[in-house]
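Colleague: Take the sequence shown: its position 586, counted from the start at 1, is 605 in the numbering used here, and no numbers get skipped.
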Amino acid sequence: MRKSFILLFLALLTTRVNAQKLERVEPMFWWVGMYNPKLQLLVHGTEIAALEAEINYPGVKLAEIHKVENPNYLFLDLEISAEAKAGKFPIVFNKNGKKKLQYVYELKNKEQSSSRIQGVTSKDLIYLLMPDRFANGDKSNDVIKGMRETKLNRDSMYYRHGGDLQGLIGKLDYLKDLGITTIWMTPEIENDMPLASYHGYAATDHYKIDPRYGTLELYKTYVNKAHEKGLKVIKDVVHNHMGTGHWFYNDMPMKDWVNQWPTYTQTSYRDEPVMDPHASETDKKKMLDGWFVPSMPDFNQKNPYVQNYITQNHIWWIEYAGIDGLRLDTYPYNEPEYMRDWAKKLKAEFPTLSIFGETLVNSVAAQAFFTGGSTVRPGFDTELPGITDAVIKNAIYEALNGKSGWTDGIFRLYTTIAQDFLYKDADQNVVFLDNHDMSRFYSMVGEDLNKFKTGMSILLTMRGIPQIYYGTEILMKNFSNPDGLVRSDFPGGWEGDKTDKFTKDGRTVQENEAWNHISILANYRKESIALQTGKLMQFVPEDGLYTYFRYTEVGKKDVMIVVNTEDKVKELDTSRFEQRLSKFTSATNVLTKEKLGSIKTISVPAKTTLVLELN
Numbered sequence: 020m021r022k023s024f025i026l027l028f029l030a031l032l033t034t035r036v037n038a039q040k041l042e043r044v045e046p047m048f049w050w051v052g053m054y055n056p057k058l059q060l061l062v063h064g065t066e067i068a069a070l071e072a073e074i075n076y077p078g079v080k081l082a083e084i085h086k087v088e089n090p091n092y093l094f095l096d097l098e099i100s101a102e103a104k105a106g107k108f109p110i111v112f113n114k115n116g117k118k119k120l121q122y123v124y125e126l127k128n129k130e131q132s133s134s135r136i137q138g139v140t141s142k143d144l145i146y147l148l149m150p151d152r153f154a155n156g157d158k159s160n161d162v163i164k165g166m167r168e169t170k171l172n173r174d175s176m177y178y179r180h181g182g183d184l185q186g187l188i189g190k191l192d193y194l195k196d197l198g199i200t201t202i203w204m205t206p207e208i209e210n211d212m213p214l215a216s217y218h219g220y221a222a223t224d225h226y227k228i229d230p231r232y233g234t235l236e237l238y239k240t241y242v243n244k245a246h247e248k249g250l251k252v253i254k255d256v257v258h259n260h261m262g263t264g265h266w267f268y269n270d271m272p273m274k275d276w277v278n279q280w281p282t283y284t285q286t287s288y289r290d291e292p293v294m295d296p297h298a299s300e301t302d303k304k305k306m307l308d309g310w311f312v313p314s315m316p317d318f319n320q321k322n323p324y325v326q327n328y329i330t331q332n333h334i335w336w337i338e339y340a341g342i343d344g345l346r347l348d349t350y351p352y353n354e355p356e357y358m359r360d361w362a363k364k365l366k367a368e369f370p371t372l373s374i375f376g377e378t379l380v381n382s383v384a385a386q387a388f389f390t391g392g393s394t395v396r397p398g399f400d401t402e403l404p405g406i407t408d409a410v411i412k413n414a415i416y417e418a419l420n421g422k423s424g425w426t427d428g429i430f431r432l433y434t435t436i437a438q439d440f441l442y443k444d445a446d447q448n449v450v451f452l453d454n455h456d457m458s459r460f461y462s463m464v465g466e467d468l469n470k471f472k473t474g475m476s477i478l479l480t481m482r483g484i485p486q487i488y489y490g491t492e493i494l495m496k497n498f499s500n501p502d503g504l505v506r507s508d509f510p511g512g513w514e515g516d517k518t519d520k521f522t523k524d525g526r527t528v529q530e531n532e533a534w535n536h537i538s539i540l541a542n543y544r545k546e547s548i549a550l551q552t553g554k555l556m557q558f559v560p561e562d563g564l565y566t567y568f569r570y571t572e573v574g575k576k577d578v579m580i581v582v583n584t585e586d587k588v589k590e591l592d593t594s595r596f597e598q599r600l601s602k603f604t605s606a607t608n609v610l611t612k613e614k615l616g617s618i619k620t621i622s623v624p625a626k627t628t629l630v631l632e633l634n
C-alpha cells in the first residue's frame, strides 16, 4: 500500500515538473537605444516558476529573477546597455542545469523618421471615432471564431457592427478634406468580452489589436498611411482597469494585481475626495480603488509589477507604431503618484509625444488640479500637459441655451475663460462639444442649425486643441440614454447602406450646410497662425454680444470673433476694441468671404458667430 502510494506520488511529481509550457513573454520584443535601459519581462506559462532563466547576449544583463505568488509567472529584470546591438537571442529556461524551454527574444533598432511621434498641439483638429461604428473595409473579420461575442448585429446598439481599421484607412481622404489633422480612435486593442465589447475599454490583451479590427501589422500600416497624408494619430489608453475576460485576470500573477475588497465595491465616481484637503481616507480609497463596473477589474497601481507592465506597454505601442499622442481614459481614478511617474517616463522616452487626460469634473479649479505645473497643487506636479476641457464645453452650452445673467448665458463662457490663469498652459487642453459618452451636440441645441453653427465656430476659434466627434459634421443626433444611442454607424460606411454621407450627393441640403461650415473653418484654421498659436484676448460681454480676438505679435491676419446668441440682429460699436483694432480698417468674413469695408460698426445676425479676418 505504502509502496504503491509512493510510486503514484513520484509519477504525479514527475508529470508536474515536466508540465512546463511557455505561453507568452511580454513585451514580445524591445528596442536598443531606449532612454531607460531597464526592462521587466512578464513570462507566463504552466509552472514556469519551477525553472531558472538564463540570458547570454552582449550588452544584455539578466539582473534579477522574480518569483511571485502564482507559479505560472516569472518576472525577469533586464538591463540593456547603450552598447547592445539589435539582434535575436534565446532566453533559456533550465531545470537542474538542463534546458527545458526557450524563447527567442529580439531587440530591434529604433525607427528614425521625422514623421514619427510628431505630437498634437493647438495647431491641430482632432476627430474622435469609434472604429466599430465608422466604416467596414473588411467583411472577412466581422465575426472571429473562438471569440466570446459570436455574432454581428447592426440592429443592436450593444453588439459589434463590423467597422474596422481597413474601413478607416479607406476614409482618410474624407477626413483630410474635412480639415481634420488628427485621428483619435477609442481603444482598438483586443476586447474579448461576451457583450458590448465594441467600445474598447475592457481590454483582454494589451499587446494585440482586436482581430475584428485587423492585425498589429495593419495598425502600423494605418499609422503610416495617416502620416503620409499629413494626419496624426492619437491612441486611447486605459490605466485604471481591464476586462474580466483578460487572460491574466483569469490567472493573476498575484492576488493584489487588482484592487481587492471583501465584497464587490464600485467606485463612487466622485473626484472630489482626490483633491479635497478635508476628505476621509475611506472616500478617497473608494474613489481610487473601487471598480468602475463589475466587468472591469481595477488595477492595483501601487503594485510595482502592475506599474511596470502598464508603462512598458504604452512605451511599446508608441515605439512600435509611431503614435503621436495619447488620450488617458478615466484619469482621476488612477493613483496620482503612479501617473506622475508614468508621465515622466513616457516624456523621457518621447519628448515630442502629446498627452491629455479625461477629466469629466465640474470646475476649472478641479480640471487644473489634474494638470501639470503645480498651479493649484503646491508640491505635487502631475506632469500631465492637458485635459479634456468639459467645463468649457458646459459653458458653451450655457451660452447657446441659457439666458444672460451675471454669470449665466454668454457670461458663463466669458468667466470660464477668465480662469485660465489656473492652468500652466490652457492651450494644451482639448476643447470639445460632445464625445462617445455624451449626448450629441446637435441634439443638445435642440436641432437648431444656427445654434449648431454658432457653437462650432466658437469651438474652432477657441484656445486649446479642438476635437469633434464622428458624425457631428453631418448632424448625427441623439441623447446618451443609453450611450449606445450616440454611437450609431456612420451612414455609408457599410456596403449596402441606403445613403453614403461620406459624399456630398449622399447628404441632405442641411447636412451639407453643416459639413461645409465645419470644413471651411477647419481648413482656414490650417493656415491661420492666429487661430493655431495666437494669443486670446476677450472683452466683457455687452448687450448680448461676446467678442474675443486671436492675435499674433506681428498683428498680421488677426481674427476677431463676435458671438450673438440672442434672437435678434445686433449692431456692434467696435470703439471699445481699439487695443486690438487700431491697426485694422477692414475685415473679411471667413465663412461667407464677404468684405467689410469698414469695421467701425458691425452688424451681427441673430444666433450667429462671426469669424472675421482683420485687414
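We put the CB at the ideal spot given by N, CA and C, even for glycine. Just so you know, these numbers come straight off a predicted model, no measurement behind them.
Mapping DSSP to helix, strand and coil, what is Trp-49?
Modeller: Correct three-state label for Trp-49: strand.
Colleague: Taking all protein chains shown into account, do 16 or more other C-beta atoms lie within 10 angstroms of the C-beta of Phe-24, making it buried, or fewer, making it exposed?
Modeller: Here Phe-24 scores only 44 on pLDDT, less than 50, and its place in the model should not be relied on; the value that follows carries that caveat. Phe-24 is exposed by the Cβ-count criterion.
Colleague: In terms of residues, what are the limits of the beta strand (DSSP E) holding Arg-346?
Modeller: 344 to 347
Colleague: Curious, which full-length beta strand (DSSP E) runs of at least 3 residues does the region 409 to 487 contain?
Modeller: 449 to 451
Colleague: Let's see if you can read the secondary structure: which residues bound the beta strand (DSSP E) around Val-293?
Modeller: First-last for Val-293: 291 to 294, but that is the alpha helix (DSSP H), not the beta strand (DSSP E).
Colleague: Tell me which residues share the same chain as Gly-181 and place their Cβ nearer than 6 Å to its Cβ, disregarding the 5 neighbours each side in the sequence.
Modeller: Here the set comprises Asn-155, Asp-161 and Leu-171.
Colleague: Taking a contact to mean a Cβ-Cβ separation below 8 Å, would you say Leu-95 touches Val-62 in this structure?
Modeller: Yes, these two residues count as a Cβ contact at 8 Å.
Colleague: Terminal residues of the continuous alpha helix (DSSP H) containing Met-306?
Modeller: 300 to 308
Colleague: Among Ser-393, Asp-400 and Asn-448, which residue has its Cα nearest to the Cα of Val-410?
Modeller: Asn-448
Colleague: Which two residues bound the contiguous beta strand (DSSP E) that contains Val-630?
Modeller: Residues 627 to 633.
Colleague: For a test of the three-state rule: what should DSSP assign to Asp-151, helix, strand or coil?
Modeller: helix
Colleague: If we call anything under 8 Å between Cβ atoms a contact, is Asp-270 one with Asn-319?
Modeller: no
Colleague: Determine the contact status of Glu-632 and Lys-576, defining contact as a CB-CB distance below 8 Å.
Modeller: yes
Colleague: Give every residue of the same chain whose Cβ lies closer than 7 Å to the Cβ of Trp-534, excluding the five residues on either side of it in the sequence, and list them in chain order.
Modeller: Glu-492, Ile-493 and Arg-526
Colleague: With DSSP as the reference, label Ser-175 as helix, strand or coil.
Modeller: coil
Colleague: What residues match up with Gly-106 in a beta bridge as DSSP calls it?
Modeller: Leu-126
Colleague: Should Glu-88 be labelled buried (16 or more other beta-carbon atoms within 10 Å of its own) or exposed?
Modeller: exposed
Colleague: Under a three-way DSSP split, which group does Ala-533 fall into?
Modeller: helix
Colleague: So what's Met-315 in DSSP terms, helix, strand or just coil?
Modeller: strand
Colleague: Any idea if Gln-279 is buried or exposed, counting beta-carbon neighbours within 10 angstroms, 16 or more meaning buried?
Modeller: exposed
Colleague: DSSP has Phe-94 in a bridge; who is on the other side?
Modeller: Leu-61 and His-85
Colleague: Closest Cβ-Cβ distance between Asn-353 and chain B: below 8 Å?
Modeller: The structure shown has no chain B; it contains just one protein chain.
Colleague: Three-state secondary structure (DSSP) at Ile-3?
Modeller: For the chain, the structure presents residues 20 to 634; residue 3 sits outside this window and is missing.
Colleague: Cα-Cα, which of Thr-426, Gly-421, Gly-424 and Asn-542 is closest to Thr-480?
Modeller: Asn-542
Colleague: Using a Cβ-Cβ cutoff of less than 8 Å, which residues in the same chain neighbour Thr-426 once the five nearest sequence positions on both sides are dropped?
Modeller: Thr-434
Colleague: Less than 8 Å separating the beta-carbons of Ser-373 and Gly-344?
Modeller: yes
Colleague: Would Gly-264 and Arg-167 be called neighbours here (beta carbons separated by less than 8 Å)?
Modeller: yes
Colleague: For the 8 Å Cβ check, are there 3 or more pairs between the region 212 to 220 and the region 186 to 193?
Modeller: no
Colleague: Starting from Ile-493, trace the beta strand (DSSP E) both ways and give me its first and last residue.
Modeller: From DSSP, Ile-493 is part of no beta strand (DSSP E); its letter is neither H nor E.
Colleague: How is Tyr-232 classed by DSSP in three states: helix, strand or coil?
Modeller: DSSP, read as helix, strand or coil, puts Tyr-232 in coil.
Colleague: Thinking C-alpha only, which one of Ala-625, Asp-157 and Arg-569 is nearest Asp-467?
Modeller: Ala-625
Colleague: How big is the Cα-Cα spacing for Glu-530 and Ser-538?
Modeller: Those two C-alpha atoms are separated by around 12 Å.
Colleague: Leaving out five residues before and five after Lys-472 in sequence, what residues of the same chain have Cβ atoms less than 6 Å from its Cβ?
Modeller: His-536
Colleague: Pairs of beta-carbons, one from the region 438 to 447 and one from the region 385 to 401, closer than 8 Å: are there three or more?
Modeller: Flag = yes, the region 438 to 447 and the region 385 to 401 touch.
Colleague: With a threshold of 6 Å on Cβ separation, who are the neighbours of Asp-157 within its own chain once the five nearest residues in sequence on each side are excluded?
Modeller: Asp-183 and Gln-185
Colleague: What first and last residue would you give for the beta strand (DSSP E) that runs through Tyr-217?
Modeller: Per DSSP, Tyr-217 lies in no beta strand (DSSP E) segment and is marked neither H nor E.
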